[in-house]
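A short worksheet on the structure shown next.
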Ligand code: SF4
Ligand code: SF4
Ligand code: FES
């Protein structure tokens with residue numbers, strides 16, 4: 115198995131542990147990755163609002179780069195994943211628009227997007243391409259005793275047309291993955307809510323309340339830690355957790371893990387190697403043994 | 236084929252109950268029945284005191300929105316068979332509004348929020364046409380989606396931001412704003428854009444996508460919000476943190492192909508907003524202590540010239 119790895123910006127910046135853990139997990143699984151060092155930011159839905167045409171060209175450019183390699187794209191961020199899928203759906207649904215985007219793209223890069231590449235998130239690769247049964251066989255360090263609340267965030271579930279979840283209103287996919295790694299999934303009310311990251315710099319009060327509520331919800335349902343497929347959710351829920359604590363008026367102490375970290379650890383990689391120590395909320399005590 | 240379904244309905248009688256509670260009704264339902272018809276069957280056969288709102292039964296009046304298994308839907312547009320999980324379907328009132336009784340909520344805050352955006356045409360004081368004020372079909376297409384809103388409040392119910400801030404415009408209200416901002420006959424567009432860009436306004440939406448996912452019509456508020464923001468950026472309404480955040484993306488991605496996470500927060504705050512900039516210090520230090528701060532010399536992607544060429548035509552590519 116081989117994929118073009120689209121890192122996204124955060125895994126190159128404030129969330130480098132997500133990229134490190136992805137490489138370690140994929141190495142254990144025998145998944146080959148070719149990093150797309152030439153791909154640009156997906157725009158995170160922001161460039162799309164500033165200038166939809168530019169955003170579409172940038173994303174078509176990314177797809178064309180993967181097509182030139184003959185590989186499908188693997189994302190490690192649900193925001194990138196959602197933005198990519200939305201862009202693909204828009205282009206596929208509007209042939210005239212696709213032609214115009216391709217003309218502009220060709221003018222700047224000499225390439226066109228053919229509409230062949232598939233984009234998948236790491237967890238979708240595990241669930242649909244690799245298979246949970248095969249993954250289970252590779253688990254050497256089952257995360258038994260750990261109660262984990264999956265935090266899906268927005269892009270993994272909405273809009274439902276652009277994700278592969280069987281039941282986006284009440285999904286099981288991440289819980290199944292948690293179970294396959296030997297841990298106990300905890301379902302809680304706010305697992306499909308917004309973490310607040312998109313407005314962290316626009317309306318901090320609301321952002322902190324959204325994230326704080328999500329963590330409180332997971333905590334009250336008995337989660338030892340939360341795990342998310344989105345590094346932006348991670349950034350908000352982890353790095354801003356002290357601010358969220360002031361907002362909701364209680365101590366939270368909730369470690370937030372990236373999915374690749376969890377997978378790598380279950381496959382025998384140490385918690386230091388996946389850089390749990392770089393998290394703001396240190397998962398002390400968690401996985402002590 | 237009829238089947239037995241457990242309808243778990245949230246009940247609340249303000250005269251008796253302190254808190255809402257669930258009540259199960261086991262009921263035989265014919266195939267293809269809508270939730271609205273099923274609820275009326277519960278009233279007819281089990282409990283006539285069950286309170287709910289509805290009128291048209293045809294997804295037109297917008298009065299029957301409910302939460303089904305935790306998400307807002309129109310009762311008259313949704314089949315029971317699509318919503319039963321292991322023979323059980325949960326039904327409750329829509330969210331973010333006060334429950335009056337059982338499935339009936341106080342719609343006033345929702346309706347009042349529409350008033351914040353002057354939900355009527357400002358045709359100006361010019362000459363009054365003899366017949367009607369006409370539009371060309373392509374002009375109408377711009378507002379076609381946002382005119383289809385039936386004011387059901389499904390979006391209001393599930394909006395993540397409204398759940399934490401009742402002062403947020405809300406999705407339906409922003410869609411209503413869109414309906415007049417993009418109306419070729421309205422003379423008030425600049426003023427409407429100014430009002431909606433004041434403070435963080437239209438930028439307070441966190442993009443959770445609930446509104447468009449729950450909306451039973453083509454209104455799809457999030458898409459309309461995106462269109463308003465695109466117009467705000469194009470027309471130069473840049474004086475708020477949301478627009479500056481978008482400019483930060485444009486400026487860094489256009490130069491390096493990748494976001495500069497050190498630049499973006501300061502850009503969003505505004506470079507002359509000293510208290511705002513100071514408020515970034517604790518998080519910056521926190522990240523630095525863990526070695527998590529983004530690299531001080533930002534990366535560049537390979538083949539960045541391709542990206543620069545595209546961004547060089549930024550204004551032209553607005554169409
Ligand atoms: S996308 Fe924005 S307006 Fe729509 S429900 Fe979410 S926060 Fe509310
Ligand atoms: S925008 Fe859609 S969900 Fe919201 S009130 Fe209008 S029709 Fe209902
Ligand atoms: S009863 Fe009118 S919309 Fe459902």
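Protein chains in written order, with my numbering: chain A, 115 to 403; chain B, 236 to 554. Quick reminder that beta carbons are idealized off the backbone N, C-alpha and C, glycines included.
Residue 530 of chain B is a Cβ neighbour of residue 127 of chain A, given a cutoff of 9 Å.
Rounded to whole angstroms, the Cβ separation of residue 118 of chain A and residue 188 of chain A is 7 Å, and the two are in contact under 8 Å. One alpha carbon belongs to residue 201 of chain A, the other to residue 524 of chain B, and they sit about 37 Å apart. Taken in chain order, the whole beta strand (DSSP E) runs of length 3 or more contained in the segment 163–246 of chain A are 187–189 and 233–235.
Contact of residue 213 of chain A with chain B is not assigned, every C-beta pair being separated by 9 Å or more. No Cβ of chain A is located within less than 9 Å of the beta carbon of residue 321 of chain B. For residue 331 of chain A, not one C-beta of chain B is nearer than 9 Å to its own C-beta. Rounded to whole angstroms, the Cβ separation of residue 332 of chain A and residue 399 of chain A is 17 Å, and the two are not in contact under 8 Å. Residue environment for residue 194 of chain A: buried (at least 16 other C-beta atoms within 10 angstroms of its C-beta). Positions of the alpha helix (DSSP H) runs, each at least 4 residues long and wholly inside the segment 468–538 of chain B, are given as 476–491, 498–504, 509–513 and 516–524 in order along the chain.
For the pair residue 198 of chain A and residue 373 of chain B, the Cα-to-Cα distance works out to about 29 Å. When distances are taken from the beta-carbon of residue 387 of chain B to the heavy atoms of ligand 2, the shortest one is below 8 Å. Chain order gives no chain A residues near residue 334 of chain B, where near means a beta carbon separation below 7 Å; the closest approach is about 18 Å. Of the residues A/231, A/232, A/230 and A/215, the one whose Cα lies closest to the Cα of residue 224 of chain A is A/215. Contact check for residue 295 of chain A and residue 376 of chain A: beta-carbon distance about 6 Å, within the 8 Å limit, so the pair qualifies. Under the three-state reduction of DSSP, residue 257 of chain B is assigned to strand. Residues of chain B whose Cβ lies closer than 7 Å to the Cβ of residue 242 of chain A do not exist; the shortest such Cβ separation is about 22 Å.
Between residue 231 of chain A and residue 158 of chain A, the gap from beta carbon to beta carbon reaches 9 Å or more. Placement of the Cβ of residue 395 of chain B at a distance of less than 8 Å from at least one heavy atom of ligand 1 is found.
Within the segment 344–358 of chain A, 353, 354, 356 and 357 place their CB atoms closer than 8 Å to a CB of chain B, listed in sequence order.
Secondary structure at residue 285 of chain A: coil, using DSSP grouped into helix, strand and coil.
Sixteen is the threshold: since fewer than 16 other Cβ atoms of the shown chains lie within 10 Å of the Cβ of residue 281 of chain A, the residue is exposed. The beta carbon of residue 169 of chain A sits closer than 6 Å to those of 157, 161 and 162, all from its chain and outside the five residues before and after it, given in chain order.
Neighbourhood of residue 234 of chain A in chain B, by CB distance below 9 Å: empty, with the nearest CB roughly 20 Å away. In its chain, beyond the 5 residues on either side, 196, 199, 200 and 203 have a beta carbon closer than 7 Å to the beta carbon of residue 276 of chain A. Relative to residue 222 of chain A, the option among B/553, B/550 and B/545 whose CA is nearest is B/545. Burial state of residue 487 of chain B is buried, judged by a 10 Å Cβ sphere holding 16 or more other Cβ atoms.
For residue 503 of chain B, at least one C-beta of chain A is nearer than 9 Å to its own C-beta. Within the DSSP secondary-structure output, residue 120 of chain A pairs in a beta bridge with A/189. In the three-state DSSP reduction, residue 370 of chain B falls in the coil class, being neither helix nor strand. Looking at the DSSP output, residue 339 of chain A shares a beta bridge with A/262. Boundaries around residue 429 of chain B are those of the alpha helix (DSSP H), 424–432, since no beta strand (DSSP E) includes it. Residues of the segment 267–285 of chain A with a C-beta atom less than 7 Å from some C-beta of chain B are 268, 272, 273, 274, 283 and 284, listed in chain order. Secondary structure note for residue 412 of chain B: its alpha helix (DSSP H) is the uninterrupted segment 406–416.
The residue from B/256, B/453 and B/460 with its alpha-carbon nearest to that of residue 295 of chain B is B/453. Proximity of residue 139 of chain A to chain B, defined by a Cβ-Cβ separation below 9 Å, is not satisfied.
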